[in-house]
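What follows is one structure encoded as structure tokens, with my remarks underneath.
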Amino acid sequence: MTDAPLPELMPDASVADPHAHLDPAALRHADSLKWTLYPEGVIPLWVADMDYPVAPPILTALQDRLTRGLGYHQLLGDTALTELLGQHLATQGLTDVPEGGMVFLPGVVPGLYAAIHALTQPGEPVLTMTPIYHPFHLGITDLGRRVAAAPLLEGETRWEIDWEGLEAAAQGTRLLMLCHPHNPTGRVWDAEELRRLRDFARSHDLYVVSDELHADLRFTDAPFEAFAADPRVRDRTVTLTGPCKAYNTAGLGIGAMVGHDADLVKRVRGAAGGLMGHPSALSVTMWKAALRDGGPWLEGTLKYLRGNRDVLAAFLLARLPWVRFTTPEATYLAWLDLRAHPRAEDIQKFLLEEARIAVHDGPVFAHAELKPEYQGFVRLNFATSRPLLIEALERMADALGGEDMGQR
Ligand SMILES: Cc1ncc(COP(=O)(O)O)c(C=O)c1O
1 MTDAPLPELM
11 PDASVADPHA
21 HLDPAALRHA
31 DSLKWTLYPE
41 GVIPLWVADM
51 DYPVAPPILT
61 ALQDRLTRGL
71 GYHQLLGDTA
81 LTELLGQHLA
91 TQGLTDVPEG
101 GMVFLPGVVP
111 GLYAAIHALT
121 QPGEPVLTMT
131 PIYHPFHLGI
141 TDLGRRVAAA
151 PLLEGETRWE
161 IDWEGLEAAA
171 QGTRLLMLCH
181 PHNPTGRVWD
191 AEELRRLRDF
201 ARSHDLYVVS
211 DELHADLRFT
221 DAPFEAFAAD
231 PRVRDRTVTL
241 TGPCKAYNTA
251 GLGIGAMVGH
261 DADLVKRVRG
271 AAGGLMGHPS
281 ALSVTMWKAA
291 LRDGGPWLEG
301 TLKYLRGNRD
311 VLAAFLLARL
321 PWVRFTTPEA
331 TYLAWLDLRA
341 HPRAEDIQKF
351 LLEEARIAVH
361 DGPVFAHAEL
371 KPEYQGFVRL
381 NFATSRPLLI
391 EALERMADAL
401 GGEDMGQR
């Protein structure tokens, strides 16, 4: 143990905003999945929700909307959401979206399932890269397809695509499921990687479903480049997006599918038919308010999250130097490699019982065949207040110990 706390680990007293002052007793409300799945006293750092209150412009818009009736929402006539989202996506390279190229969904996951259903046949392999946000591989197997996965490679400073592995796994596949930015590693695929991925999709004649839900949660100043920013892949790609990660609104369920081939969008949306449902009036109101007036809140939140990310990195280096960790470029998720620990084989349970923190277990992020590869990894959600994060990290260090387990 270090004697004095490092200055970087101190709560940032200058941040006098609601992000910094969270009360676990209030967060542990019966309607919060994140805070009630585990017993009282456990700090929940698992499901990808932030602990912060609703952004004020969203709250105001919802309150105003509730002064009127809540009948079916007129999505076709109310073009404001289409226009606002279109303007936003254009800044990421998704320009010139044609009529019929943007449809609204009750969430992003239904879009993932619809794409698998529409673009592949039962029994076929579907291509992705692991570790991966679990509904990717669950969608593939739930719908009777097979996962064809190329595990990412753990580089010194970032997770990398295994191009040879991807080539080998692509055999017989028709659909690439891409996560950009990537959950759980926090990678934002860079221009060169995107170029190679696009060439790859073209040479293998693949459809691509690009889940870009975390695009607005980036810590880099570089503009975000959508996979379909390049016209050469636009006819084979559908992009999925939504407000729920950046604005912490998963409880209001809404997403969008965007593509430049309106027939492809229609085919994917149509595959789900009436099973898909439609977004609620409140979710439409929320997303419009987020796009129109949510910018300053998001900017402040990103600043706070970046501070948390840096505290986490400094803490690991100082107190748990044997934990392998690459700094996420986006998302509030950290993918930690704890395989060097003697309890790696049940690390999630160990942390729950001994540190009283709840994280996601690594094997969740792969299908059956590859689960063992990720035993000893955990995904930690750092979107809480700095004092709660530091408390969780202190508990983790006390339980895991092992400064003497060597340097990374
Ligand atoms: C990459 C990714 N896609 C989709 C989702 C879920 O989206 P939705 O709640 O809109 O279905 C998440 C949630 O964490 C996610 O990380």
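Under full-length UniProt numbering, the first residue of the sequence shown carries the number 1, and numbering increases by one thereafter. Think of the CB as a built atom: it goes at the ideal place given N, C-alpha and C, for glycine as much as any other residue. None of these values were measured; they are calculated from a predicted model.
Placement of the Cβ of Gly-155 at a distance of 7 Å or more from every heavy atom of ligand 1 is found. Each of Ile-390, Glu-354, Arg-269, Leu-352 was checked against the Cα of Pro-106, and the nearest Cα belongs to Arg-269. Counting the other CB atoms within 10 Å of its CB gives Lys-349 a total below 16, which places it among the exposed residues. Beta-bridge partners assigned by DSSP to Val-284: none are found. At a threshold of 7 Å, Gly-255 counts as near ligand 1, since its beta carbon sits closer than that to one of the ligand's heavy atoms. With the rule of 3 Cβ pairs closer than 8 Å, the segment 43-53 does not count as touching the segment 257-273. If you look at Gly-242, you'll find it isn't in any beta strand (DSSP E); DSSP assigns it neither H nor E.
Within the same chain, and ignoring the five residues on either side of Leu-291 in sequence, the residues whose Cβ sits closer than 7 Å to its Cβ are Leu-84, Leu-85, His-88. If you look at Phe-382, you'll find it isn't in any alpha helix (DSSP H); DSSP assigns it neither H nor E. DSSP, reduced to helix, strand and coil, places Gly-295 within a helical segment of the structure shown. Looking from the CA of Ala-149, the closest CA among Gly-155, Asp-162, Leu-143 belongs to Asp-162. Of all C-beta pairs linking the segment 163-170 to the segment 216-223, fewer than three are shorter than 8 Å, placing the two stretches out of contact. Ser-32: not part of any alpha helix (DSSP H); DSSP gives it neither H nor E.
At least one heavy atom of ligand 1 falls within 7 Å of the beta-carbon of Tyr-133.
Approximately 6 Å separates the beta-carbon atoms of Leu-282 and Leu-62; this is inside 8 Å, confirming the contact.
Asp-23 and Leu-112 have their C-alpha atoms some 35 Å from each other. Per the Cβ contact rule, the segment 205-213 is in contact with the segment 173-181 (3 or more Cβ pairs under 8 Å).
As the crow flies, the alpha-carbon of Glu-99 is around 10 Å from that of Gly-259. Each of Pro-131, Val-147, Leu-400, Arg-386 was checked against the Cα of Arg-379, and the nearest Cα belongs to Pro-131. From the listed residues Val-233, Arg-145, Arg-306, Thr-95, the smallest Cα separation to Gly-186 is found for Arg-306. Proximity of the segment 337-354 to the segment 375-391 meets the contact definition, three or more beta-carbon pairs being nearer than 8 Å. For Tyr-207, the three-state secondary structure derived from DSSP is strand. In the three-state reduction of the DSSP assignment, Ala-149 falls in the strand class, which pools E and B. Under the three-state reduction of DSSP output, Pro-125 falls in the strand class. By the Cβ neighbour-count rule, Gln-92 is buried, with 16 or more other Cβ atoms within 10 Å of its own.
Distances between the C-beta of Leu-213 and the heavy atoms of ligand 1 include at least one below 7 Å. Within 7 Å of the C-beta of Asn-381 there is not a single heavy atom belonging to ligand 1.
For Gly-277, there is no enclosing alpha helix (DSSP H), since its DSSP letter is neither H nor E. Per DSSP, Asp-337 is one residue of the beta strand (DSSP E) stretching across 333-337. For Glu-193, DSSP assigns no beta-bridge partner whatsoever. Ligand 1 has a heavy atom closer than 7 Å to the beta-carbon of Gly-107. Set against 7 Å, the gap from the CB of Asn-248 to the closest heavy atom of ligand 1 is not smaller.
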